[in-house]
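To start, the structure itself, in structure tokens.
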Amino acid sequence: MTREEALKLVGSTALFERMLTANAALCPPKSPDLPLMDVLRAQDPKLHLFNASPRKFYVFDHQAERLMLCTVDELARLCLYLGAALYAHEIAAIVLKQEKKLILAALDPKIYRFVMDFARFGVPKLNVQLDLNKQADALKVFLQDTGAALLATLAADFTSPELKEVFLQRLQVKAPLEVELPPTKIIRLSIEALVREDPSWMQYFS
């Protein structure tokens with residue numbers, strides 16, 4: 001990272017704080033063997049300096065890697081947005097009152113509006129069929145799992161193997177995705193969903 005890039009990053013306070021939080025979760029300080037360290041410090045207080053080691057700092061350069069700045073709750077919510085987006089055309093075609101009630105119970109109105117206002121125009125009609133013979137909670141879990149599988153496909157574009165590994169661990173994909181969407185489209189959907197939840201997310205992708 002150049003000095004100019006570092007200054008620009010520090011100048012973007014909100015983004016920098018997100019990165020600090022994400023890095024703290026990714027690189028927790030190693031806990032030394034405390035009893036042994038106490039003995040060594042008693043003999044020579046300077047010895048504990050040898051335990052210090054430089055910690056890697058991730059700047060999440062790639063747009064896909066910026067999704068690592070999501071909290072656990074934000075990531076789960078994003079998965080639900082994306083899972084619903086894959087079935088946008090099927091959801092938009094629902095006319096039966098009972099089925100629409102089920103969808104609204106599984107998604108909540110905000111995500112439903114995302115599907116109707118944005119996803120059905122931004123996602124091509126795919127060869128998928130939504131099973132509505134589920135309870136709302138089961139449907140929600142299914143859509144979240146689908147969204148997680150969709151997000152997992154972005155890991156192939158990560159520049160850091162460590163970030164890729166952690167990202168896939170967080171997503172805990174239950175089954176591979178049977179359809180394909182271009183990474184650029186997945187990222188666009190993700191940004192739109194995150195910004196709808198919190199407009200400040202726009203600055204993290206600028």
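Quick note: the sequence shown, position 10, residue 10 per UniProt numbering, numbers continuous.
Glycine included, every Cβ here is placed at the ideal spot set by N, Cα and C.
Source: prediction; values computed, not measured.
To which residues of the same chain is residue i closer than 6 angstroms at the C-beta, ignoring the five residues directly before and after it?
i	result
P183	L154 and D157
A22	M68 and L69
CB-CB under 7 angstroms to residue i, same chain, minus the five flanking residues each way: which ones, in chain order?
i	result
E99	L132
A64	L154, D157, F158, P183 and I187
V195	W201 and M202
F205	Q63, R66 and I191
Please name the residue in the options whose C-alpha comes closest to that of residue i.
i	options	result
N127	K134, L86, A152 and P109	L86
S190	A119, E17, F57 and R113	A119
F142	T71, V173, R196 and V72	V173
residue 255	Q129, A149 and A175	Look at the range of the chain in this structure, 1 to 206, and you will see that residue 255 is not part of it.
Only counting the same chain, and skipping five residues up and downstream in sequence, which positions put a Cβ closer than 8 angstroms to that of residue i?
i	result
A136	L102, A105 and A106
T13	none
Q144	A76, C79, L80 and G83
K185	G122 and V123
If I'm right that residue i touches residue j with Cβ under 8 angstroms, what's the distance once you round it to whole angstroms?
i	j	result
L171	A193	In fact, because the Cβ distance is near 15 angstroms, the residues do not count as touching under 8 angstroms.
A88	V123	5 angstroms
**Request:** For the segment 75–126, list the alpha helix (DSSP H) runs that are entirely contained and at least 4 residues long, ordered along the chain.
**Result:** 88–92, 97–107 and 109–114
**Request:** Identify every run of the alpha helix (DSSP H) within the segment 136–203, keeping only runs that are complete inside it and at least 4 residues long; order them along the chain.
**Result:** 136–152, 161–171 and 183–197
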